[in-house]
Every structure is written in structure tokens, then in C-alpha cells.
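J.: Just passing along the structure, written as C-alpha cells.
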Amino acid sequence: MDKGQLESTARALVAPGKGILAADESFGTIGKRFKAVGIESTEDTRRRYRQMLFTTPGIGEFLSGVILFDETIRQKADDGRPLPRVLEDQGVIPGIKVDKSTTALPLSPQEKFTQGLDGLRERLEEYRGMGARFTKWRAVITIGEGIPTERCIGANAHGLALFAAFSQEAGLVPIVEPEVLIDGDHTIERCYEVTEWTLNRTFDYIYEMGVELSGMLLKPNMVISGKDCPEQAGVEEVARMTVECLKRSVPAAVPGIVFLSGGQSDIQATAHLNAMNRLYDDLPWELSFSYARALQGRPMEIWKGDDANVEAAQKAFYHRAKMNSAARSGSYSE
Ligand code: 13P
4 MDKGQLESTA RALVAPGKGI LAADESFGTI GKRFKAVGIE STEDTRRRYR
54 QMLFTTPGIG EFLSGVILFD ETIRQKADDG RPLPRVLEDQ GVIPGIKVDK
104 STTALPLSPQ EKFTQGLDGL RERLEEYRGM GARFTKWRAV ITIGEGIPTE
154 RCIGANAHGL ALFAAFSQEA GLVPIVEPEV LIDGDHTIER CYEVTEWTLN
204 RTFDYIYEMG VELSGMLLKP NMVISGKDCP EQAGVEEVAR MTVECLKRSV
254 PAAVPGIVFL SGGQSDIQAT AHLNAMNRLY DDLPWELSFS YARALQGRPM
304 EIWKGDDANV EAAQKAFYHR AKMNSAARSG SYSE
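Under the working numbering, the sequence shown has 223 at position 220, and the numbering climbs by one with no breaks.
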């Protein structure tokens, strides 16, 4: 393992003023998002949509990296350049989602387990050859009646740690994503408790697996009220509870924490990140973003599958990326 190279990639991904675009939606997820705004999901619409995002002029000022899906890393822009090359030409580092999505946890059908370890070593080698320099694996923890269970958290934490070890062996920086879902009517306190539990179990296994902390990034949820909780915590409370939770669970040697947006509105996701960076200036890790929905929501609605809308969609995408870039230093105002 080349620790120096892994750390320098991890640090580049959380460089000041820059964050990550997650554009790694699986066929099912992109299909659902397209359908909601009236776009048919075909190989070509998916290609043209991602091309629209990646060719946005000047986007490299605000984005350090983009997470791709298996189909996307193999696709080409209209001018013949492979899409990972389009990103490199913008000064953006290409990454790849390598998990194979979730299945019901055996004997606990309300919970999920993330698959994808079989054949991972070979797939990582192929992706590296295609230009990927970092990887992502998402595990999902659901809050509900009697859940999550220790075995769900343990099984997923173990998978995340193995994924991280395989990635570092291949010279790729792992983004470890244990997502505690926003779905449900639970309080922010319950979200705090489950997030702290999940992160501590994840770092137990990361330690056991020999993963180098300085050569990885963590992608957690923010600590936030459940979507259907009658009492919704305000921006400062979310910021403080999130950072206090992370202080109690994330080792200081991890270079950066890149949040997922997880169903928050785009404005909320920016405001929360901004508040954390404004309220705290003595944290060991960079606090940044790795958003999908909070960056793509508006541009997707505007694009609608019609190339006549490319410029307007790119403008909306550029604006959102710029606002999140400002939130990196706590200097955002809409
Ligand atoms: P959201 O920002 O839409 O939560 O997506 C982030 C992601 O990459 C989920 O795996």
C-alpha cells in the first residue's frame, strides 16, 4: 500500500472550497429520479445527462471529484472522450461506486445489507485502469420499531471495512458511507444515538482490518430529525449535534468527512454544512460534501432530456456547486 499517494488523493478530494458530486445512481435510482421529472431512462439519456453535468464550464473550481456508476465510467462524450477523461480535463478526479446495492438482511427483513465483495479485487483493478482514483461503498441503516439491530450494524460495518481494505490495496481511496436514513418519525436524539453507534462499530472494523485512516474519507449522514418527526431541529442544532457526534466517533487521522444529503432539500444541505464550518474552526478533519440529490435536483428538472436546456441546467448546477463551495468556509448566503 502506497500510504503517501493515498493520503495525497484523500487530501485533494477535500481541498479547500471543493467537494464531491455523487453521480453514481444505479439504474433503478436514476430511473426513479428521471421519471419524477418526465425523462425516459435509456443508455443515451443517462449519458447525455451526465455529460451535461460534467462539461459545465468552470465546475472544477468547486468540485474535487465525481463518483461514477459502472455504466458511466465506460461511456463517452459526444466528442469521443471517455467521461472520466472529460472530468480529468476539468481538473476533477474520477471515482467509482463499487458496491452492488442492498438486499434484505437475512432473518431481519426490515433491515438492509450491502453486497459486492465477490470479485471486488478484479473490478478495482479494471476501474483503476479506466482512470478511477477513489471508490465508494454505501451501507444503509434504518431506524424503526426495534431496529437497527447490532447484527445489522455489525454486518454492514464489517463489509465497509473489507471494502476499504481492498480499495487501499488497489491504490484507491475508499469513501466509507454508512448512511443512517432520514426516513421515519424518530427524533434527532435517536438519530444521534444510532449514528454514534454505527460510526463506532465501523471504525472498530476499520482498525481491525488494518485500513490506513489517513488514506480514506468518511461519508456519513448528518444528525437530523426524522423526515416525519413532528419536531424538526433547526440549522444550528443539526450542525452542533452532527459535529459533537463525529467528535465522539471519527478518529482525528481521517483527513475529511464528506456528507451525503440524504433527502434534505438542496438549500438545507448547504445551510447545515455552512453552519458546521462557521461554528467550529478547530476540527481535526475537513467538513465537506458528497451530494447527489442536493446538487442535481434543480439541474435535472431544468434539463428534462432536452439539449436545448443544457445551458440553463448547467447554470443551475454551477450555482449549487458554488454555494456548497462557500459552505466549506462558512461563508454561504443564498
Ligand atoms: P444523496 O446526497 O442524494 O444522499 O446521495 C449521496 C450518495 O452518494 C448516496 O449513496
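All C-beta atoms in this analysis are idealised placements derived from N, C-alpha and C, irrespective of residue type, glycine included.
Please look up how many angstroms separate the CB atoms of V253 and A278, rounded, as I've assumed it's under 8 angstroms.
T.: Rounded, the Cβ-Cβ distance is 18 angstroms, inconsistent with contact.
J.: Check for me: the beta strand (DSSP E) holding K100 runs from which residue to which?
T.: Where K100 is concerned, the enclosing beta strand (DSSP E) stretches over I96 to K100.
J.: Tell me which residues pass a beta-carbon proximity test against the ligand 13P: closer than 5 angstroms to any heavy atom, given in chain order.
T.: Every residue passing the under-5 angstroms Cβ criterion appears here: A25, R141, L263, S264, G265, Y294, A295 and R296.
J.: Applying the criterion that 16 or more other CB atoms from any shown protein chain within 10 Å of the CB defines a buried residue, is P112 buried or exposed?
T.: Burial call: exposed.
J.: Terminal residues of the continuous beta strand (DSSP E) containing K139?
T.: Taken as a continuous stretch (DSSP letters only), the beta strand (DSSP E) holding K139 covers F137 to I144.
J.: If I follow the unbroken beta strand (DSSP E) through L165, where does it start and stop?
T.: From DSSP, L165 is part of no beta strand (DSSP E) but of the alpha helix (DSSP H) over E153 to E172.
J.: Which partner residues does S104 have in the DSSP bridge list?
T.: Looking at the DSSP assignment, S104 forms no beta bridge with any residue, so it has no partner.
J.: Are there three or more Cβ pairs, one per stretch, closer than 8 angstroms when the segment 17-28 is compared with the segment 105-124?
T.: Judged by Cβ distances under 8 angstroms, the segment 17-28 makes no contact with the segment 105-124, as fewer than three pairs qualify.
J.: What whole-angstrom Cβ distance do E215 and L16 have, given they're in contact under 8 angstroms?
T.: At roughly 15 angstroms, the Cβ-Cβ gap does not stay under 8 angstroms, so E215 and L16 are not in contact.
J.: Under the three-state reduction of DSSP, which class applies to E46: helix, strand or coil?
T.: Reduced to three states, the DSSP call for E46 is helix.
J.: State buried or exposed for T58, treating a residue as buried only when at least 16 other CB atoms are found within 10 Å of its CB.
T.: Result: buried.
J.: Nearest CA to the CA of G68: which residue from T138, R124, V101 and K6?
T.: Closest by alpha carbon: T138.
J.: Among all the DSSP beta bridges, which residues are the ones paired with E304?
T.: The partner list for E304 (beta bridge, DSSP) is empty, contrary to what the question assumes.
J.: Please list the segments of the beta strand (DSSP E) lying wholly inside the segment 50-102, counting only runs of 3 or more residues, in order along the chain.
T.: Listed in chain order, they are 66-71 and 96-100.
J.: With a threshold of 6 angstroms on Cβ separation, who are the neighbours of M326 within its own chain once the five nearest residues in sequence on each side are excluded?
T.: Closer than 6 angstroms at the Cβ level, and outside the excluded window around M326, lie T273 and Y335.
J.: Touching or not, the segment 281-291 and the segment 310-320, by the rule of three or more beta carbon pairs under 8 angstroms?
T.: Because the criterion of three Cβ pairs below 8 angstroms is not met, the segment 281-291 and the segment 310-320 do not touch.
J.: What separation, rounded to the nearest whole angstrom, lies between the Cα atoms of L123 and M133?
T.: Approximately 15 angstroms, taken between the alpha carbons.
J.: Taking a contact to mean a Cβ-Cβ separation below 7 angstroms, would you say S2 touches G20 in this structure?
T.: This structure does not reach residue 2, given that the chain is present from 4 up to 337, and the question cannot be answered.
J.: Please list the segments of the beta strand (DSSP E) lying wholly inside the segment 174-237, counting only runs of 3 or more residues, in order along the chain.
T.: Here the runs fully enclosed are 176-183.
J.: Y210: buried (16+ other C-beta within 10 angstroms of its C-beta) or exposed?
T.: Y210 comes out exposed.
J.: Considering Cα atoms alone, identify which of I270, T201, I185 and V197 is closest to C232.
T.: The candidate whose alpha carbon is nearest that of C232 is I185.
J.: Per DSSP, which one or two residues make a beta bridge with I150?
T.: Note: I150 sits in a beta bridge opposite G147.
J.: Could you check whether the segment 215-226 touches the segment 174-184, counting it as contact only if at least three pairs of C-beta atoms, one from each stretch, sit closer than 8 angstroms?
T.: Contact between the segment 215-226 and the segment 174-184 is present, because at least three Cβ pairs lie under 8 angstroms.
J.: Which same chain residues, not among the five before or five after S264, have their C-beta less than 6 angstroms away from its C-beta?
T.: Taken in chain order, the residues that qualify are A272, Y294, R296 and A297.
J.: In the DSSP assignment, the alpha helix (DSSP H) including E125 goes from what residue to what residue?
T.: Where E125 is concerned, the enclosing alpha helix (DSSP H) stretches over L123 to G132.
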